[in-house]
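A.B. asks: If you read the sequence shown in our numbering, its first letter stands for residue 350, the second for the next number, and so on. Glycine is no exception: its CB is placed at the ideal position from the N, C-alpha and C atoms.
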Amino acid sequence: MRPVSYALFDDAGKFLAGRVMSEADASLQIELDSGKRVKVKSANVLLRFDKPLPAELMTRALALSAEIDLDLALEFAPEGEFGFADLARDYFDASAGPEQQAAALLRLFEAPHYFRRAGKGRFKKAPEDIVKAALLAIERKQQIAAQIDAWADDLVAGRCPEPVREQLFRILFKPDKNGPEYKAVVEAAKRSQRAPLDLLKAAGAISSAYQFHWRRFLFEQFPKGTGFPPLAAPAIKDELPLAPVQAFSIDDSLTTEIDDALSVTGLGSGTVIFGIHIAAPGLAVLPGSPIDKVARERLSTVYMPGWKITMLPDEVVQAYTLIEGRDCPAVSLYATFDEATLELRSAETRIERVPIAANLRHDQLDEVITEASLTGEAVAEYPFAQELAFAFRLARQLKTRREVVRGKPENFNRPDYNFRLDGNTGEPDGSETVRITERRRGAPLDLIVSEAMILANSHWGGMIAECGVPGIYRSQASLAPGIKVRMGVKPAPHAGMGVPQYTWATSPLRRYVDLVNQWQIIASARHGRTAALAAPFKPKDATLFSVISSFDAAYTAYNDFQHGIERFWSLRWLQQQQISEVDASVLKDGLVRADALPLVFKALGCEGLPRGTHVRVRITGTDLLTLDLHASLLARLDEPPAAAAADEGEDEDESAAPLALAIDLDDAGAEGTPAPATAETPAADAAPAA
């Protein structure tokens, strides 16, 4: 009787053994221990044996292979190409059986740094230098694994290793998943069954919530730091005429980038010329220049309570800002109106020097320059009283006309807020006392500035289009829900503004898009219909599309950070004032908006209440790191509203970006609570608080 025959074979790099059921010229049919039968090419059969059983052979060979000393095997191995059976006979003894041969095969196969594979069951010694390098790499890998394990132990024990602390933001938000610091945090999180953020906080990696938010933003948006290279502001060499006006600006007291000023001439004559004067860095800063490269990299000034990161160095800003007491180069729009009817008769753009008589500060004058004083119902005891009264009358008329085009009135019934940090003499550190004051949207000075800027931005958008010069436009197809404002290079209606076209061109010291548009406006003002030949950017210029893409991304990130850090200071105010209850209005799905703070948050118990319901909620907890505010319904303050209209330009579920971590764990994220998002509003071009 023919003895039972078994075979060990290579199945795509995996070694299996089984009983040979049948054999042809080029293949065998082999039955595995599982009962499955497989067809195996003869060339893949590496060893035939009669005993022991296949399962026993593989078990014994695996245990025996672990005992083979690779250095000794390397010494015993023949020079040149050899088979695993040859090594087994040299390493064990001349009569090495199936178990020893299979053990040699397994050991050789798993040590490519010692033995190169030369074919099925065939090997060749690796060169000595390759072996040494491989051994060093293995040793380093073992050392790194040990380091990861030690760091994980420290984190679980509440100690943060310095290398992990230094890589904190990269680990959480842009991790190198092969980095030992990242692997240590993942391992520690698994061992401790804690979210990475909680784990790192408990280990002392995050000592200040404010610094965490601030340094995360710098890590993501300013990895090279916020400093500027040495830059000198180029002089404006043009011989510019002096405008016959006395202009005034309206800004916050902390604003240093004064982009815009106004003038009013001809009062009492029946024809009034309303001047809108915009700082003109575009006359000296040229595309491709060192200053342009810096501005294009930053794209916008970043604002936050108590601090800002400017788009341009301060010495450059001060060279072109519209500061009082100077004749400042400006791009001016002169709109001529009938004094009685306020009908627009003509508009002209000039490049000139404008005498800046005063920098008015609205935070100092909002309580003085009121609607009553501007309309003659109260005594007006402040500079430029007559000019401001005309500007306010004109602003209301311009707003009314835009609302006719929009098809409905603007309904901004939410206030804005001013943040002031007491004890802050430089960059904040989070320990300052915060003061939050309400600033109602549509205050007279705000309305004057915003309507003037809308007028200029709309007019200049049309002017460059008539000259055949491309620009960067903002458009909105309709006011239907979900229709967002878009940026493009062709003029299109802006339904939200109620204007036929709209650019951003009135803040060239603060926004790169405005500087780009100013270059195009200057070319159009100088060359008219032939401006396309002289403008820096020609039709279909790919640079404009690149600017739009970069600006959109940066501006969104900057706004998200501003809203997030304002939310931080709002929560900090609640803690400092020891506020435990706030009044709020219901939005939807349990979201409420505080009446006197820029805070939107979830309140338990408000889930089923109609939108607009006025409630009082109890604050049960705040987390400055995740920006969470926990609250529950305390009392209902009114009867159910019949119907509550949404605020103009606002998403119902407006929310601050949650603290999204990039670390790859199921429990890695810490869910953040919403904070207000930006919307396109007529006040968007008024200079923001610095």
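Grab me the residues of R514's own chain with a C-beta within less than 7 Å of its C-beta, minus the 5 sequence neighbours each way, in chain order.
C.D. replies: Closer than 7 Å at the Cβ level, and outside the excluded window around R514, lie A554.
A.B. asks: Report yes if the C-beta distance between L723 and L714 is below 9 Å; otherwise report no.
C.D. replies: Not in contact: L723 and L714 (Cβ atoms no closer than 9 Å).
A.B. asks: For I493, does the count of other Cβ atoms within 10 angstroms reach 16, so buried, or fall short, so exposed?
C.D. replies: It is exposed - the Cβ of I493 has fewer than 16 other Cβ atoms within 10 Å.
A.B. asks: For the beta strand (DSSP E) holding M407, just list the boundary residues, first then last.
C.D. replies: Careful: M407 lies outside any beta strand (DSSP E), inside the alpha helix (DSSP H) at 403-414.
A.B. asks: Go ahead and pull the three-state DSSP assignment for H462.
C.D. replies: Coil, per DSSP.
A.B. asks: Which of the three DSSP states, helix, strand or coil, is assigned to E697?
C.D. replies: Correct three-state label for E697: strand.
A.B. asks: Report the option in T605, I625, A452 whose CA atom is closest to the CA atom of T614.
C.D. replies: Taking only the C-alpha atoms, the option nearest T614 is I625.
A.B. asks: Would you identify the three-state DSSP class for L978, choosing helix, strand or coil?
C.D. replies: If DSSP states are grouped into helix, strand and coil, L978 belongs with the strands.
A.B. asks: How would you call I520, buried or exposed, if buried means at least 16 neighbouring beta carbons within 10 angstroms?
C.D. replies: Buried is the call here.
A.B. asks: Quick check: what's the CA-CA separation for A538 versus D498?
C.D. replies: Distance between the alpha carbons of A538 and D498: 12 Å.
A.B. asks: When DSSP builds the beta bridges, which residues end up paired with N708?
C.D. replies: Bridge partners of N708: S598.
A.B. asks: Who are the Cβ neighbours of D600 in its own chain at under 8 Å, not counting the five residues just before and after it?
C.D. replies: These residues qualify, in order along the chain: I607, N708, L709, R710, H711, A1036.
A.B. asks: Are three or more beta carbon pairs between the segment 847-858 and the segment 789-797 nearer than 8 Å?
C.D. replies: Touching, no.
A.B. asks: Following the continuous alpha helix (DSSP H) through L616, name the residue where it begins and the one where it ends.
C.D. replies: First-last for L616: undefined, no H or E at that position.
A.B. asks: At which residues does the beta strand (DSSP E) containing Q378 begin and terminate?
C.D. replies: Start and end: 376-380.
A.B. asks: Is the CB-CB distance between P639 and F886 below 9 Å?
C.D. replies: Against a cut-off of 9 Å, the Cβ pair of F886 and P639 comes out as no contact.
A.B. asks: With H, G and I counted as helix, E and B as strand and the rest as coil, what does DSSP make of L419?
C.D. replies: If DSSP states are grouped into helix, strand and coil, L419 belongs with the helices.
A.B. asks: Which residue's Cα is closest to the Cα of Q595: F623, K469, E726?
C.D. replies: Answer by Cα proximity: F623.
A.B. asks: Could you tell me the boundaries of the beta strand (DSSP E) in which E930 lies?
C.D. replies: Per DSSP, E930 belongs to the beta strand (DSSP E) from 930-935.
A.B. asks: Within the segment 525-606, note down every full alpha helix (DSSP H) run reaching 4 residues or more, in order along the chain.
C.D. replies: Whole alpha helix (DSSP H) segments, 4+ residues: 529-541, 545-551, 558-570.
A.B. asks: Rank G810, V838, I871 by C-alpha distance to the C-alpha of Q850 and give the top, closest one.
C.D. replies: Of G810, V838, I871, the residue nearest in Cα terms is G810.
A.B. asks: Using the three-state DSSP reduction, which class does R763 fall into: helix, strand or coil?
C.D. replies: It is coil, neither helix nor strand.
A.B. asks: What would DSSP say about R647, mapped onto helix, strand or coil?
C.D. replies: Three-state result, R647: helix.
A.B. asks: Tell me the residue span of the beta strand (DSSP E) that contains K474.
C.D. replies: Per DSSP, K474 belongs to the beta strand (DSSP E) from 471-474.
A.B. asks: Go through its chain and collect everything with a Cβ distance to S557's Cβ below 8 Å, but skip five positions before and after it.
C.D. replies: For S557, where only same-chain residues beyond five positions count, the Cβ hits under 8 Å are D778, G779.
A.B. asks: Cα separation between L402 and D547?
C.D. replies: Their Cα atoms are separated by approximately 54 Å.
A.B. asks: Who are the near neighbours of F568 in its chain, counting only those whose CB is closer than 6 Å to its CB and skipping five residues on each side?
C.D. replies: Closer than 6 Å at the Cβ level, and outside the excluded window around F568, lie F518.
A.B. asks: Apart from the five residues on each side of it in sequence, which residues of its chain come closer than 6 Å, Cβ to Cβ, to Q869?
C.D. replies: These residues qualify, in order along the chain: I813, V818, G820, A884.
A.B. asks: Here's a check: name, in chain order, each residue in its chain whose Cβ is nearer than 8 Å to the Cβ of A361, leaving out the five neighbours to either side.
C.D. replies: Hits under 8 Å: none found.
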